[in-house]
Structures are given as structure tokens and as C-alpha cells.
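Here's the structure, in C-alpha cells; my notes come after.
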Amino acid sequence: MKSGARLGLILLLTPLLLWLVLLILIPHVDMFLVSLRERVGVGEYQVSLANYLTFFQEPLYLWTFLRTAVMSIMATLITLLIAFPVSYFIAKIARGRSRSALFLLCLVPFWVSELVRTFGWMILLRETGIISNLLQWAGLVSGPVEMLYNDAAIMVGLVYTSMLFMVVPLVTTLESLPDEVIEAGYDLGGTNTSVMREIVIPHAAPGIVSGSIVVFMLSLGNYLTPTMLGGKDSLWFTELIYSQFIVRFNWELGAAFGFMLLLLSSLIVWGMLRLTGQTLERTMG
Amino acid sequence: MSFDLECRNLTKRFGGTTAVDDVSFEVPSGSFFSILGPSGCGKTTIMRMIAGFLEPSSGDILIRGKSILDVPPNKRPVNMVFQHLALFPMMNIAENIGYGLRRQGMAKAQIAVKVDEALDRIGLPGIGTRKIDELSGGQKQRVAIARCMVLEPDVLLLDEPLGALDLKLRERMKVELKSLQAAFDTTFVYITHDQSEALVMSDTIAVMNEGRFEQMGSGRDLYYRPASAFVAGFVGDSNRWAGRVERAEGNVMQVRTESGLSMRASARDRALGVGDAAQIFVRPEAIRISTAADDLAHFDNHLSGRVTNLLFNGAASRIVVAADAEEIEVNLPQSGEFANLTEGDAVHIGWAGDQGNCFAAGAAP
Numbered sequence: 012m013k014s015g016a017r018l019g020l021i022l023l024l025t026p027l028l029l030w031l032v033l034l035i036l037i038p039h040v041d042m043f044l045v046s047l048r049e050r051v052g053v054g055e056y057q058v059s060l061a062n063y064l065t066f067f068q069e070p071l072y073l074w075t076f077l078r079t080a081v082m083s084i085m086a087t088l089i090t091l092l093i094a095f096p097v098s099y100f101i102a103k104i105a106r107g108r109s110r111s112a113l114f115l116l117c118l119v120p121f122w123v124s125e126l127v128r129t130f131g132w133m134i135l136l137r138e139t140g141i142i143s144n145l146l147q148w149a150g151l152v153s154g155p156v157e158m159l160y161n162d163a164a165i166m167v168g169l170v171y172t173s174m175l176f177m178v179v180p181l182v183t184t185l186e187s188l189p190d191e192v193i194e195a196g197y198d199l200g201g202t203n204t205s206v207m208r209e210i211v212i213p214h215a216a217p218g219i220v221s222g223s224i225v226v227f228m229l230s231l232g233n234y235l236t237p238t239m240l241g242g243k244d245s246l247w248f249t250e251l252i253y254s255q256f257i258v259r260f261n262w263e264l265g266a267a268f269g270f271m272l273l274l275l276s277s278l279i280v281w282g283m284l285r286l287t288g289q290t291l292e293r294t295m296g
Numbered sequence: 017m018s019f020d021l022e023c024r025n026l027t028k029r030f031g032g033t034t035a036v037d038d039v040s041f042e043v044p045s046g047s048f049f050s051i052l053g054p055s056g057c058g059k060t061t062i063m064r065m066i067a068g069f070l071e072p073s074s075g076d077i078l079i080r081g082k083s084i085l086d087v088p089p090n091k092r093p094v095n096m097v098f099q100h101l102a103l104f105p106m107m108n109i110a111e112n113i114g115y116g117l118r119r120q121g122m123a124k125a126q127i128a129v130k131v132d133e134a135l136d137r138i139g140l141p142g143i144g145t146r147k148i149d150e151l152s153g154g155q156k157q158r159v160a161i162a163r164c165m166v167l168e169p170d171v172l173l174l175d176e177p178l179g180a181l182d183l184k185l186r187e188r189m190k191v192e193l194k195s196l197q198a199a200f201d202t203t204f205v206y207i208t209h210d211q212s213e214a215l216v217m218s219d220t221i222a223v224m225n226e227g228r229f230e231q232m233g234s235g236r237d238l239y240y241r242p243a244s245a246f247v248a249g250f251v252g253d254s255n256r257w258a259g260r261v262e263r264a265e266g267n268v269m270q271v272r273t274e275s276g277l278s279m280r281a282s283a284r285d286r287a288l289g290v291g292d293a294a295q296i297f298v299r300p301e302a303i304r305i306s307t308a309a310d311d312l313a314h315f316d317n318h319l320s321g322r323v324t325n326l327l328f329n330g331a332a333s334r335i336v337v338a339a340d341a342e343e344i345e346v347n348l349p350q351s352g353e354f355a356n357l358t359e360g361d362a363v364h365i366g367w368a369g370d371q372g373n374c375f376a377a378g379a380a381p
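Chains B and Z, in that order, are what the protein sequence lines are. Everything in the first sequence is counted per my numbering, starting at 12 for the first residue and increasing by one. Everything in the second sequence is counted per my numbering, starting at 17 for the first residue and increasing by one.
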């Protein structure tokens, strides 16, 4: 009987372990080993930290990384600011059918691929695009306006792509806040802002943090949106990794970049959790 | 007499349904007023209108003589203890109790003093720094009341706050709530579907059904002198028969039930005439049991039958007697003389005619 339970446990855990070991652990270990190699001659390698040194010594790499991190944080904040009222409306104000309809509306854009969605933005924002034509037709501008290929376009694309991943955890946590508690807040003399600040937001904090972590990670690791919407001055860190692997065929440096991205993004998330006084267990549990 | 709360012709319609239908009442200062009714009768709607979460379709609500219809919920001198208490889980107990005071802009030191006072008053001193989920059900209850009482509201509304507690605790909280009300000397308006909560605690009870008040009075009034068939059926237990009036002498009615049983009952000045369909309510404790028919000769109604069921429930034990095709519930006297009754025993039962309450049929639930 006991061995039967053990067998069941092993069978249940096997897919998970296979997934973890084959797809996450082994590639990462291998990547780490690659990043520690330095090519000293044709087919000759030695172990060194040279690739990591390159990252810190070359200002372009460091700057690109910082820019990517700061813009991802900004994208996360903007997403949060837009998603919070939307989620509050869905979870607490809308009722019955309109609630599911609104939730579906948030979901629908994600039925098409990210590539198509990004092309949608290009159609809207490019020089000969809809918005540019509309402005000219209205007489607000004299010639075509190019709104693509800059940081603002990247930001728009990132926020749009991330919205659902913020709305879902927020709606879930807000739904778990009983209406009674909000009413009690008003009943005891709270104003709209104080109820929001002292009751709703503290309750939604785990959702805010988990949504922010997901959105931050997605933005940081996004490749498609910055490449398509950004210009030649808006370099994204993932583009650097791509060019090392594919263009320069310098796997050693690319792997080191990958590891730096993993390390620094984990650091930022850890720092944010500390700053907001949340723990990973609370936000993910 | 001054009134803390007055409702005048209060009406609330939701679409086509009328949840509260032209209800008027006054609650004297410092009294414990209960609204008792089955779920869906509109009592919660009244409470939410007083608290300000719903706007009445028509009518007026006055607190200490001033209309509060234009006052938003956070400015009303009314506080509410919610059904599930709605304590703020993100705050500790002191922060919960101090929430309203912080909103009033009171100084921190003064809030701390007030919170400590309130904790003393509810008999839980020194627990201010604990978390909400460390408290037992009864303690949460008291904290929820303290959270409202520190604001010194004119009226405290309580929306079935004992519903979530287990039976033993509920019994204790009934007594405790009553003494808290006396200690704070504030007007309590309590809504419940549990008649014993209302009967034990209230000075005045309003029985509500389908959006209207059926009767308003003390617990005794409702129990012994129900004004309608609904109140007679809802408050306390009753044996109930439907029948037709055969003879009327003043208030004394001779009624024959559908199964042919003839009995006397009192109409208590209600308009009932010969031939009218009637409903008769007789409380199980109003019926006397005896082993000898002679003992009951002085009663207007007597029957002989057999015990078909023993419902043992300590002090509230009953038997079911089958007599003349009717089943009648009778309370066993507490003296123990019938402790040995068993099913199938022959017994005689009887009750005085004025213990039977007779209503015109049609209005009963």
C-alpha cells in the first residue's frame, strides 16, 4: 500500500521534474558553463570571467541594460495605473453579464499573436498610418507625422501587451475583498480616497505585486515589441543578446548577457519586494 | 419622548418589486429596537437605507429629528455592524477600532486613549496589537461593536451579526449585546430572522413580512397577543388549523376545522362572523395533559388521543397527540409527572378557549 502511494507520487512528479530538469536546469547550467568560456584560439577555450568583464567595461552594454530596466519599470507602473481602475470596475462595480463581457474584452486581443498585435500598432502609428492621416485630415498638422520608432511607441506597445497580465491578478484579489468591508469603510467615515488607500489597495497589494512582477519580467524579456516599434536609438537588452548569438555568433558573450539579465532582473524584483514589504510566498500563494 | 430614529412612509422599489412598502416607525432614544422577519422580507433594505447605501424611493428618514436623506453614508451619525462583521483584515485591532477616529482627524495620542477605553469596555483590554484572525468569533463581534461605538453614533445598526456564530456562543452574545447596549446607552436597531434573538434582547420588536410591518410591540405582545396570523405563526410555535366559524358569541368563536374537529377560540375583537373561513393558532404550552378526563373538565376544549411521537428536548420536550384525525403538539410539563409517557399511551388534553387565537383566513403565510 505504501509503495503504491510512493509510486503514485513519483508518477505525478515525473512530468514536473522532467520539465524542470530538461528545459530549465540543464540549459541554464550549460549556458552558464558557456558564459565562463573564453576563446583563446581556434577551437581552444579556457575558463575565465572575461565575458562578464566585457559587459561591465563596455558602456553601451551597461547603458542598454539600465535603459531596458528603467523602461520596463516605467511600463510596469503605467500598466498598473491603467489596469487598476479597469480591474476595480470589473471586480467591484460591474455586475453579472457586463462583468464577464468586460473581462472578455480584456482577453480578446490575446487571441491573436503578439506579432499581429504589434503590426496593428504599426498600422496606426506609422507615417502613412491611420492617426497620421486623421490628424492631417483634421487640419491639425500640415504634413505626415511619424510616430513609430521611438521610446514612446515602445512604451505603448509594452503596456498594451502586458495589460492582461496585470488585470487578471488584480481582478482576482479585488474580487476576494467583500463589498461589506468597503461599505464598512464608508460607514465609519471614510472618503473615496481614504477607503482606497487604507482598505482597497492594502488588500490588493499581493495582486499588485504579483501582477507587477509578471509585467516587469515580460517587458524586460520582450524582444518583438522593442524591435518592431523602437528606432535605431532605442536598443533593448534582448536585442543585444540576439545579436551576440545570431549575428556575431559569439555564444560566450551572449550567454554571459543572458545570465546578467537573469541576475539583475531577479535583483530588481527582490528589491521591489523588500521595498513594498511583500514576500514572494504571499504574492504567489 | 425623544426619538433617535424615525422612518416616515419609507418605500423602496427595485424595478417592479416593492421591497419596503410604506413603513413608518419611531425608535425612542436609548432603546433596543428589532426588526424580525423571514429572509427576503425587506429588513436588510430598511437597514441599508438608514445607513445610506440605498436611497429610498419615497419617504423620509430622520435622526434626532433631522432628515438625513441628503447626507452621504460617511457623514451620517449612524454606524453599522455588518452581517460578517467586515473587520478590516489588513489592520490590527487597535487600527480597526481607531479607523473612524482617524477619519475624523483626531490626534494620534487621543485616538490611542479612546481605543484603550473601548477595549476595556468590551472586556478585551490589551489586545490592540493583535491581528483580526487571532480572535474568536465572539471577540470579533465585540471588536466590531467597539469600532462603531468609539464614534458615538446616535444609532447603531446591527445586521444579523450573530448569524455566523455557533449556538452556544450565540446564546451568550445575546445577553452580552443587551448589556453592551445598556453600557453604551445608545439606540440599537437590530435586524434578525431569529425570533429568540429578537425576543430576548429587544425593547420593541417589529415583525416584518413582504415589505410591511405586521405588528410592532414588546416581545410579550407579539407572543401572547399576535395581531395577525403571520405573527402568530412566525413568533413562537403553534398548532395551526384552518376551519370555518360555526357560532360567534362576542369574541368567543366556535370553529370547526377541515377534519371535523370542533373547538372554541378567541377572536380578540377581530372582525369574524359565522361562516367565515378562519385560522386558529394554539401554542403547545397552552395545552394541558392529563391521564384522567375529569381533570380537564373545566377547559372549553378537550380531546382524548394517543401519543404518536415523543420529541425529547430537555425543558422544551413535547409529545404529538393524535386525536380525531388531527395531530396536536403539546408541551410536557416540567414537573416530570409525564416523564414516563411512551408512544401509544392514551392521554387527555385540554385548553382554555381564550388560548386559541382565531384569525380570518387568507393572510397567513
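Idealized CB from N, CA, C, for every residue including glycine. Predicted model only: the values in this text are computed from it and were never measured.
**Report entry** Buried versus exposed, by CB contacts within 10 Å (16 or more), L169(B)
**Finding:** Position 158 of the first sequence, counted from the first residue, corresponds to residue 169(B). Classification of L169(B): buried, given that the 10 Å Cβ count is 16 or more.
**Report entry** Cβ contact (3+ pairs, closer than 8 Å) linking the segment 48-65 of chain B and the segment 279-293 of chain B
**Finding:** no
Report task. Anything in chain Z within Cβ reach of I210(B), meaning under 8 Å, just list it in chain order. Result -> The residue given as residue 210(B) occupies position 199 in the first sequence. Under the 8 Å cutoff, chain Z gives F104 and M106.
Requested in this report: Grab the span of the alpha helix (DSSP H) containing Q155(Z) for me, first residue to last.
Outcome: Here residue 155(Z) refers to the residue found at position 139 when the second sequence is read from its first residue. Its alpha helix (DSSP H) spans residues G153 to M165.
Report task. For chain B, find out if any of its Cβ atoms is closer than 8 Å to the Cβ of Q120(Z); answer yes or no. Result -> Locating residue 120(Z) in the second sequence gives position 104, counting from the first residue. Closer than 8 Å to some Cβ of chain B, the Cβ of Q120(Z) qualifies, so yes.
Query raised in the report: Does V280(B) come within less than 8 Å of chain Z when only Cβ atoms are used?
Result: By one-based count along the first sequence, residue 280(B) stands at place 269. Output row for V280(B): interface = no.
Query raised in the report: Can you tell me whether DSSP reads R322(Z) as helix, strand or coil?
Result: Residue numbering aside, residue 322(Z) sits at position 306 when the second sequence is read from its first letter. Residue state, collapsed to three classes: strand.
Query raised in the report: Between A368(Z) and the rest of its own chain, which residues show a CB-CB distance below 7 Å, the 5 nearest in sequence each way excluded?
Result: Taking the second sequence and counting its residues from 1, the one referred to as residue 368(Z) is at position 352. For A368(Z), where only same-chain residues beyond five positions count, the Cβ hits under 7 Å are F315 and D316.
Query raised in the report: What separation, rounded to the nearest whole angstrom, lies between the Cα atoms of G19(B) and S46(B)?
Result: In the first sequence, the residue the question calls residue 19(B) occupies position 8. In the first sequence, the residue the question calls residue 46(B) occupies position 35. Each residue's alpha carbon lies about 39 Å from the other.
Requested in this report: Check each candidate in L185(Z), L172(Z) and G233(Z) and name the one with the smallest Cα separation from D201(Z).
Outcome: Walking along the second sequence from the start, residue 201(Z) turns up at place 185. Among L185(Z), L172(Z) and G233(Z), the Cα nearest to that of D201(Z) is on L172(Z).
Report task. Between the Cα of F30(Z) and those of T60(Z), S73(Z) and F41(Z), spot the shortest distance and give me the residue it belongs to. Result -> If you number the second sequence from 1, residue 30(Z) lands on position 14. Taking only the C-alpha atoms, the option nearest F30(Z) is S73(Z).
Report task. Excluding the 5 residues preceding and the 5 following A380(Z) in the sequence, name in chain order all residues of the same chain whose CB lies nearer than 7 Å to its CB. Result -> Within the second sequence, numbered from 1, the residue matching residue 380(Z) stands at position 364. Its pLDDT being 41, under 50, A380(Z) is placed unreliably in this model, and the coordinates cannot settle the point.
Query raised in the report: What three-state label does DSSP hand L70(Z) in the structure shown?
Result: As a first step, residue 70(Z) is located in the second sequence; it is residue number 54 there, counting from the start. Three-state result, L70(Z): coil.
Report task. Could you tell me which of E133(Z), P300(Z) and E176(Z) sits nearest to A332(Z), measuring between CA atoms? Result -> As a first step, residue 332(Z) must be located in the second sequence, where it is residue number 316. Minimum Cα-Cα distance from A332(Z) among the listed residues E133(Z), P300(Z) and E176(Z) corresponds to P300(Z).
Query raised in the report: So, is the C-beta of Y206(Z) closer than 8 Å to a C-beta in chain B?
Result: Taking the first residue of the second sequence as position 1, residue 206(Z) is located at position 190. No, Y206(Z) lies away from the interface with chain B (no Cβ there is under 8 Å from its Cβ).
Query - Top-ranked residue by Cα proximity to D190(B), from E250(B), S83(B) and M207(B) - result: Residue mapping note: residue 190(B) aligns to position 179 of the first sequence, counting from 1. Measuring from the Cα of D190(B), the nearest candidate turns out to be M207(B).
Report task. Measure from the C-beta of H318(Z) to each C-beta in chain B and report whether the shortest distance is under 8 Å. Result -> On the second sequence, residue 318(Z) is found 302 positions in, with the first residue counted as 1. With 8 Å as the cut-off, H318(Z) does not count as an interface residue toward chain B.
**Report entry** Nearest-angstrom Cα separation, counted from P180(B) out to F5(B)
**Finding:** Here chain B has residues from 12 to 296 only, and residue 5(B) is not among them.
Query raised in the report: Tell me the DSSP bridge mates of H209(Z)?
Result: Along the second sequence, one-based indexing puts residue 209(Z) at 193. Looking at the DSSP assignment, H209(Z) forms no beta bridge with any residue, so it has no partner.
Requested in this report: Within 10 angstroms of the Cβ of S47(Z), are there 16 or more other Cβ atoms? Answer buried if so, exposed if not.
Outcome: Against the second sequence, residue 47(Z) aligns to sequence position 31. Buried, by the Cβ-count rule.
Requested in this report: Let me know the secondary structure DSSP gives P217(B) once reduced to three states.
Outcome: Looking up residue 217(B) in the first sequence gives position 206. Helix at P217(B).
Query raised in the report: Between the C-alpha atoms of E133(Z) and L140(Z), what's the straight-line distance to the nearest angstrom?
Result: Numbered from its first residue, the second sequence carries residue 133(Z) at position 117. Numbered from its first residue, the second sequence carries residue 140(Z) at position 124. Approximately 10 Å, taken between the alpha carbons.
Requested in this report: Please name the residues in the segment 60-71 of chain Z whose beta-carbon is closer than 7 Å to at least one beta-carbon of chain B, in chain order.
Outcome: A67 and F69
Query raised in the report: For H364(Z), which residues does DSSP report across the bridge?
Result: Within the second sequence, numbered from 1, the residue matching residue 364(Z) stands at position 348. According to DSSP, which records beta bridges pairwise, H364(Z) is partnered with S306(Z) and S320(Z).
Query raised in the report: How long is the line joining the alpha carbons of I161(Z) and L78(Z), rounded to whole angstroms?
Result: Working through the second sequence from its first residue, we reach residue 161(Z) at position 145. Working through the second sequence from its first residue, we reach residue 78(Z) at position 62. Distance between the alpha carbons of I161(Z) and L78(Z): 23 Å.
Query raised in the report: When we look at the beta-carbon of E230(Z) and count the other beta-carbons within 10 Å, is it buried (16 or more) or exposed?
Result: Taking the first residue of the second sequence as position 1, residue 230(Z) is located at position 214. Under this definition E230(Z) is a buried residue.
Query raised in the report: In terms of residues, what are the limits of the beta strand (DSSP E) holding Q270(Z)?
Result: Along the second sequence, read from residue 1 onward, the residue named residue 270(Z) stands at position 254. Counting along the chain, the beta strand (DSSP E) containing Q270(Z) begins and ends at V268 to T273.
Report task. Could you name the residues of the segment 145-165 of chain Z whose beta carbon sits closer than 8 Å to any beta carbon of chain B, in the order they occur along the chain? Result -> Cβ contacts with chain B: R163 and C164.
Report task. Give me whichever residues DSSP pairs with Q295(Z) in a beta bridge. Result -> Here the question's residue 295(Z) lines up with position 279 in the second sequence. According to DSSP, Q295(Z) bridges with A258(Z) and F375(Z).
Query raised in the report: Helix or strand or just coil, what does DSSP make of L185(B)?
Result: Translated into positions along the first sequence, residue 185(B) becomes position 174. Note: L185(B) maps to helix in three-state DSSP.
Requested in this report: Assess, as a yes-or-no matter, whether the segment 201-218 of chain B is touched by the segment 256-267 of chain B under the definition of 3 or more beta carbon pairs within less than 8 Å.
Outcome: No: fewer than three Cβ pairs fall under 8 Å.
**Report entry** Coarse secondary structure for T27(Z), derived from DSSP in three states
**Finding:** If you number the second sequence from 1, residue 27(Z) lands on position 11. Strand, per DSSP.
Query raised in the report: Of all Cβ atoms in chain Z, is any one closer than 8 Å to the Cβ of V220(B)?
Result: Translated into positions along the first sequence, residue 220(B) becomes position 209. Proximity of V220(B) to chain Z, defined by a Cβ-Cβ separation below 8 Å, is not satisfied.
Report task. Measure from the C-beta of Y197(B) to each C-beta in chain Z and report whether the shortest distance is under 8 Å. Result -> Your numbering for residue 197(B) matches position 186 in the first sequence. Cβ-Cβ to chain Z under 8 Å: yes for Y197(B).
Report task. Indicate whether L145(B) and V156(B) have their beta-carbon atoms separated by less than 8 Å. Result -> Within the first sequence, the letter at position 134 stands for residue 145(B). Within the first sequence, the letter at position 145 stands for residue 156(B). By the CB criterion at 8 Å, L145(B) and V156(B) fall outside the cutoff.
Query raised in the report: Using a C-beta to C-beta distance shorter than 7 Å, which residues of chain Z count as neighbours of T298(B)?
Result: Nothing about residue 298(B) can be read from this structure; chain B reaches only from 12 to 296.
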